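What follows is one structure encoded as structure tokens, with my remarks underneath.
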Amino acid sequence: MTQQQRPPEPYGDDWKTWGRRLMQFMSQTRSPLVQQTGGETAADDGTLMWDRSYEYPVVSKGGEWRQIVVEGGHANFIKTSDVTPALANTAYKLTYDAPSGHSKITQGTPTSRIVFEEAGEYVLSFSAQISSTSASTVHFYFWPSINGVDTANGAMTTALHQNNATLVTSRTQIFTVAANDYLEINYMMDNTAGFLNYTAASSPVPAIPSSTLSITRTHA
């Protein structure tokens, strides 16, 4: 420890002044979180530490150490209009409205791209309200792509079998992305009678988006 790093020494009988100087010194030279190196007890709830092995904060609860997720990104996207394919059996990109609440996740260029500022693991929850104007069976397909590359084993499909039928389909997946990667949602129908259905508000029922996409970062 160098001379500049040494804590202040007590002098005279003015212990209050020395105590304040010592607290100031510790706040400037020590981490506010105690480093957890192993063996620390979690018997008392509410003890906050920094896990050096996994590099995240933990808190004691119920006799065990639990990770505190340092959230670094979230966004909620909705589509407030119908989405109808121009051609059957042709893949298109879904473009959402501008997000009303988001952090470090934004729309890119083109706006079908959803850009992640920070790397990490993200939970993506997707839904679509599908409808049909045909009495024939209509198949709907949805799948994500990262940086223009389709996600392996990531597609989902469902079908409607009657005219004016409506159904909500959804899926939740975890994706690992690098900083500045972008996500796109692809869709396709095998009949142009199929579409994503936006329903306007009608009291007492609020509006129903044709599609939603919620994203939350869960791990760095």
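Under numbering that gives the first Met the number 0, the first residue of the sequence shown carries the number 0, and numbering increases by one thereafter.
C-beta: ideal position from N, C-alpha, C; glycine also.
Just so it is clear, the structure is predicted and the values come from calculations on it, not from any experiment.
Count the CB pairs spanning the stretch 103-120 and the stretch 63-79 that are closer than 8 angstroms, and state whether there are at least three. yes
Measuring CB to CB, does residue 182 end up less than 8 angstroms from residue 113? Counted from its first residue, the sequence shown places residue 182 at position 183. Counted from its first residue, the sequence shown places residue 113 at position 114. Yes, the Cβ-Cβ distance between residue 182 and residue 113 is below 8 angstroms.
Suppose contacts are defined by Cβ-Cβ distances below 8 angstroms. Is residue 52 in contact with residue 124 by that definition? Position 53 of the sequence shown, counted from the first residue, corresponds to residue 52. Position 125 of the sequence shown, counted from the first residue, corresponds to residue 124. Result no, Cβ atoms of residue 52 and residue 124 do not sit closer than 8 angstroms.
I'd like to check one pair, residue 84 with residue 67: are the Cβ atoms closer than 8 angstroms? Counting from 1 along the sequence shown, the entry for residue 67 is found at position 68. Counting from 1 along the sequence shown, the entry for residue 84 is found at position 85. No, they are not a contact pair.
Let me check one thing: in DSSP terms, what residues is residue 216 bridge-paired to? Locating residue 216 in the sequence shown gives position 217, counting from the first residue. Residue 216 pairs with 121.
Whose CA, out of 120, 137, 143, lies closest to the CA of residue 91? Reading the sequence shown from its first residue, position 92 is the one you call residue 91. For residue 91, the nearest C-alpha among the options comes from 143.
Excluding the 5 residues flanking residue 139 on each side, which residues of the same chain have their C-beta closer than 8 angstroms to its C-beta? Along the sequence shown, one-based indexing puts residue 139 at 140. Within the same chain, residue 139 has close Cβ partners 127, 129, 156, 157, 158, 159, 168, 186, 187, 188, 193.
Secondary structure at residue 23, three-state DSSP: helix, strand or coil? In the sequence shown, counting from the first residue as 1, residue 23 sits at position 24. Here residue 23 sits in helix by DSSP.
Using only alpha-carbon positions, find the residue among 204, 197, 218, 205 that is nearest to residue 80. Here the question's residue 80 lines up with position 81 in the sequence shown. Checking every option, the nearest Cα to that of residue 80 belongs to 197.
The beta strand (DSSP E) enclosing residue 106, as first and last residue numbers: The residue labelled residue 106 in the question sits at position 107 within the sequence shown. Per DSSP, residue 106 belongs to the beta strand (DSSP E) from 104-106.
When DSSP labels each residue in this structure, what does residue 16 get in the three-state scheme? One-based indexing of the sequence shown puts residue 16 at position 17. Look at residue 16 here: in three-state DSSP terms it is helix.
I think residue 173 touches residue 120, with their Cβ atoms under 8 angstroms apart; what is that distance to the nearest whole Å? Indexing the sequence shown from 1 puts residue 173 at position 174. Indexing the sequence shown from 1 puts residue 120 at position 121. About 6 angstroms separates the two Cβ atoms, so the contact holds.
Residue 172, enclosing beta strand (DSSP E) - first and last residue: Within the sequence shown, residue 172 is the residue found at index 173, counting from 1. Unbroken beta strand (DSSP E) run through residue 172: 165-176.
Expected contact under 8 angstroms - CB spacing of residue 134 and residue 179 to nearest Å: Start at 1 with the first residue of the sequence shown, and residue 134 comes out as number 135. Start at 1 with the first residue of the sequence shown, and residue 179 comes out as number 180. Rounded to whole angstroms, the Cβ separation of residue 134 and residue 179 is 46 angstroms, and the two are not in contact under 8 angstroms.
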